[in-house]
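J.: Please see the structure below; I have some questions.
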Amino acid sequence: MNTTAIDTAPPAPSDYYSLTEAPPRNGTLLGFWIYLMSDCFIFASLFACYAVLGTEYAGGPTGAEVLDLPGLAVNTALLLVSSVVFGFAMLEMQRLKKGAMLGWLAIAGLLAAVFVSLEIREFLIMIAEGAGPGRSAFLSSFFTLVATHGLHVTLGILWLIVLMVQTVKFGLNEDNVRRMRCLSMFWHFLDLVWVGVFSYVYLVGVVR
Amino acid sequence: MNQPSPSHAVPHDGRDPMHEHQGSLRGYLTGFVLAAILTVIPFWLVMGNVIANKQLLILAILALAVVQIFVHIVYFLHLDTRSESGWNMMAFIFTAVLVIIVLGASIWVMYAENANMMPMSSQYEQNAISHQPTTRHPTR
Numbered sequence: 110m111n112t113t114a115i116d117t118a119p120p121a122p123s124d125y126y127s128l129t130e131a132p133p134r135n136g137t138l139l140g141f142w143i144y145l146m147s148d149c150f151i152f153a154s155l156f157a158c159y160a161v162l163g164t165e166y167a168g169g170p171t172g173a174e175v176l177d178l179p180g181l182a183v184n185t186a187l188l189l190v191s192s193v194v195f196g197f198a199m200l201e202m203q204r205l206k207k208g209a210m211l212g213w214l215a216i217a218g219l220l221a222a223v224f225v226s227l228e229i230r231e232f233l234i235m236i237a238e239g240a241g242p243g244r245s246a247f248l249s250s251f252f253t254l255v256a257t258h259g260l261h262v263t264l265g266i267l268w269l270i271v272l273m274v275q276t277v278k279f280g281l282n283e284d285n286v287r288r289m290r291c292l293s294m295f296w297h298f299l300d301l302v303w304v305g306v307f308s309y310v311y312l313v314g315v316v317r
Numbered sequence: 619m620n621q622p623s624p625s626h627a628v629p630h631d632g633r634d635p636m637h638e639h640q641g642s643l644r645g646y647l648t649g650f651v652l653a654a655i656l657t658v659i660p661f662w663l664v665m666g667n668v669i670a671n672k673q674l675l676i677l678a679i680l681a682l683a684v685v686q687i688f689v690h691i692v693y694f695l696h697l698d699t700r701s702e703s704g705w706n707m708m709a710f711i712f713t714a715v716l717v718i719i720v721l722g723a724s725i726w727v728m729y730a731e732n733a734n735m736m737p738m739s740s741q742y743e744q745n746a747i748s749h750q751p752t753t754r755h756p757t758r
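Chains as they are written, first to last, in my numbering: chain G, 110 to 317; chain Z, 619 to 758.
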């Protein structure tokens with residue numbers, strides 16, 4: 110490129126942009142937030158299904174018979190601690206301490222992995238007892254909602270591993286910081302959805 | 619509203635994303651303690667058979683869940699009116715309204731339908747037991 114003849118100064122503020130309303134400074138974070146809001150709708154419709162179908166046992170087992178509350182308490186604790194640990198990783202990222210951040214991320218990922226494996230184990234036990242998703246409308250809606258959440262957590266773990274590799278390879282550059290902020294929102298959001306799951310699906314499901 | 623400034627014209631405005639609505643250790647720990655308390659209470663209510671009235675128990679569980687969801691939003695997701703010039707909050711309010719409509723209306727409509735259809739469905743079942751399925755559709 111011929112840089113001597115072309116004016117290389119940054120374009121002066123013109124009438125074509127940033128006149129009245131400035132765009133958000135980081136559109137990705139807002140866009141990801143809107144994705145999470147749309148994900149809310151997926152979960153809201155599945156919650157609505159469970160609310161409508163949750164008492165249709167079709168002569169099969171009821172919530173009080175198949176739902177495992179001690180196991181649920183362990184899972185809830187795992188996900189909550191994982192969420193807070195991810196917050197610690199974000200704090201280390203703000204201090205640009207890569208090693209500590211990766212350490213907290215590994216713990217958060219490990220806790221989530223234990224959560225998913227316990228959930229799969231619970232599903233397998235239920236299916237072995239004859240309380241699989243095909244047994245009744247209650248169990249269909251239960252499995253659909255809880256497994257959709259579990260699938261989100263699984264994909265979150267996958268994303269976490271990829272991002273850890275990226276950070277090890279390329280450091281805490283602008284791209285990885287932005288990705289971390291998105292994953293952090295995703296992680297906390299899944300914990301938020303779990304609040305609805307353990308309260309409404311499990312606890313209310315056992316009571317009613 | 620905003621003065622045109624060079625930072626708006628440059629797509630990558632430095633390290634700004636890192637200094638926006640960030641959390642603090644105190645914030646995360648406060649959120650964790652509050653969330654833990656709000657989790658333990660409903661478990662205790664259900665597993666300890668504290669409230670005998672089922673309706674009241676379900677209401678208590680749901681109320682605690684709503685409070686806990688707000689704790690998560692404030693302390694973990696750091697949602698406030700300033701983040702992203704308020705657009706996060708706008709999207710959230712929009713979603714919350716639609717979610718309430720979807721959930722509330724689905725439950726309301728289906729329960730009302732269920733209540734209205736109840737006598738008919740039991741009659742229908744009796745017919746289905748006493749007659750062959752072909753009698754349900756005499757026109758076919």
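All C-beta atoms in this analysis are idealised placements derived from N, C-alpha and C, irrespective of residue type, glycine included.
On the DSSP letters alone, give me the boundaries of the alpha helix (DSSP H) that G239(G) sits inside.
T.: Here G239(G) belongs to no alpha helix (DSSP H), and DSSP marks it neither H nor E.
J.: Determine contact between the stretch 154-161 of chain G and the stretch 173-185 of chain G, defined as no fewer than three beta-carbon pairs at a distance below 8 Å.
T.: no
J.: Which residue comes first and which comes last in the alpha helix (DSSP H) that contains F298(G)?
T.: That run of the alpha helix (DSSP H) goes E283 to G305.
J.: With distances taken between CB atoms, is the gap from F232(G) to F252(G) smaller than 9 Å?
T.: Taking 9 Å as the cut-off, the beta carbon of F232(G) is found closer than this to the beta carbon of F252(G).
J.: Find the nearest neighbour of F694(Z) within the set I234(G), V306(G) and G196(G), judged by alpha-carbon distance.
T.: G196(G)
J.: Just mark E238(G) as buried or exposed, buried being the case when its beta carbon has 16 or more other beta carbons within 10 Å.
T.: exposed
J.: Taking A198(G) as the reference, give the member of L220(G), A215(G) and G169(G) with the closest Cα.
T.: Ranking L220(G), A215(G) and G169(G) by Cα distance to A198(G) puts A215(G) first.
J.: Which same chain residues, not among the five before or five after L138(G), have their C-beta less than 8 Å away from its C-beta?
T.: R287, R290, C291 and M294
J.: Please list, in chain order, the chain Z residues whose beta carbon lies closer than 7 Å to that of A153(G).
T.: V717, V720 and L721
J.: I want to verify the contact list: residues of chain G whose CB lies under 9 Å from the CB of W705(Z), in sequence order.
T.: P133, L139, W142 and I143
J.: With a threshold of 9 Å between beta-carbons, can M210(G) be considered close to chain Z, or not?
T.: So, not an interface residue.
J.: Whose C-beta lies closer than 7 Å to the C-beta of H630(Z) among residues of the same chain, with five residues either side of it excluded?
T.: Any reading at H630(Z) is ruled out, since the residue's pLDDT is 41, under 50, leaving its predicted position unreliable.
J.: Using the beta-carbon of each residue, which ones in chain G are nearer than 8 Å to V664(Z)?
T.: L178, L312, V315 and V316
J.: Name the chain G residues whose beta carbon is nearer than 9 Å to that of A653(Z)?
T.: L189, S192, V193, D300 and V304
J.: Under 9 Å between C-beta atoms, does S308(G) make it to chain Z?
T.: By this cut-off, S308(G) is an interface position.
J.: Short check: CB of P660(Z) to CB of L682(Z), under 9 Å?
T.: yes
J.: Does the beta carbon of A683(Z) come closer than 9 Å to any beta carbon on chain G?
T.: yes
J.: Pick out whichever of S192(G), F150(G) and P170(G) has its Cα sitting closest to the Cα of S249(G).
T.: P170(G)
J.: By how many angstroms is the C-alpha of M735(Z) removed from the C-alpha of A746(Z)?
T.: Note that A746(Z) scores a pLDDT of 47, beneath 50, so its modelled location is shaky; the value from the coordinates is reported in the next line. Cα-Cα distance, rounded: 16 Å.
J.: Rounded to whole angstroms, what's the CA-CA distance from G140(G) to V274(G)? Just pull it up for me.
T.: 24 Å
J.: Would you decide whether L260(G) is buried or exposed? Buried here means 16 or more other CB atoms lie within 10 Å of its CB.
T.: exposed
J.: Name the chain G residues whose beta carbon is nearer than 8 Å to that of I711(Z)?
T.: Here the premise fails: no neighbours, minimum Cβ distance about 10 Å.
J.: For a contact defined as C-beta to C-beta under 7 Å, what are the partners of L675(Z) on chain G?
T.: V316
J.: Contact defined as beta carbons within less than 8 Å: I believe I679(Z) pairs with A160(G). What is the distance between those atoms, to the nearest angstrom?
T.: With a Cβ gap of about 14 Å, I679(Z) and A160(G) do not count as contacting.
J.: Report yes if the CB atom of L656(Z) is closer than 9 Å to the CB atom of Q686(Z), and no otherwise.
T.: yes
J.: Closest Cβ-Cβ distance between T657(Z) and chain G: below 9 Å?
T.: yes
J.: Do V193(G) and S722(Z) have their beta-carbon atoms positioned less than 9 Å apart in this structure?
T.: Sequence inspection shows Gly at residue 722(Z); the Ser mentioned does not correspond to that position. Contact flag unset, no.
J.: Where does N111(G) land, buried or exposed, given buried means 16+ other C-beta within 10 angstroms?
T.: Note that N111(G) has pLDDT 48, beneath the 50 cutoff, so the model's placement of it is unreliable and the number below is only indicative. Exposed, because fewer than 16 other Cβ atoms sit within 10 Å of the Cβ of N111(G).
J.: Run through chain G and tell me which residues come within less than 8 Å of M708(Z), C-beta to C-beta.
T.: Ordered by position in chain G, no residue passes the 8 Å Cβ test against M708(Z), which lies about 10 Å from the chain.
J.: So, is the C-beta of K271(G) closer than 9 Å to a C-beta in chain Z?
T.: First, the amino acid is wrong: residue 271(G) is Val here, not Lys. With 9 Å as the cut-off, V271(G) does not count as an interface residue toward chain Z.
J.: Compute the beta-carbon to beta-carbon distance between G218(G) and I266(G), rounded to the nearest angstrom, for a pair I have assumed lies under 8 Å.
T.: 5 Å
J.: Does V668(Z) come out as helix, strand or coil in the three-state DSSP assignment?
T.: Coil at V668(Z), not helix or strand.
J.: When you compare each of H690(Z), Y729(Z), K672(Z) and M707(Z) to G645(Z) by their alpha carbons, which one comes out closest?
T.: H690(Z)
J.: Return the CA-CA distance between D242(G) and L205(G), expressed in angstroms with no decimal places.
T.: A small correction: the amino acid at residue 242(G) is Pro; Asp does not occupy that position in the sequence shown. Approximately 46 Å between the Cα atoms of the pair.
J.: Go to H696(Z), then tell me how far its alpha helix (DSSP H) extends in each direction, as first and last residue.
T.: No alpha helix (DSSP H) holds H696(Z); DSSP gives it neither H nor E.
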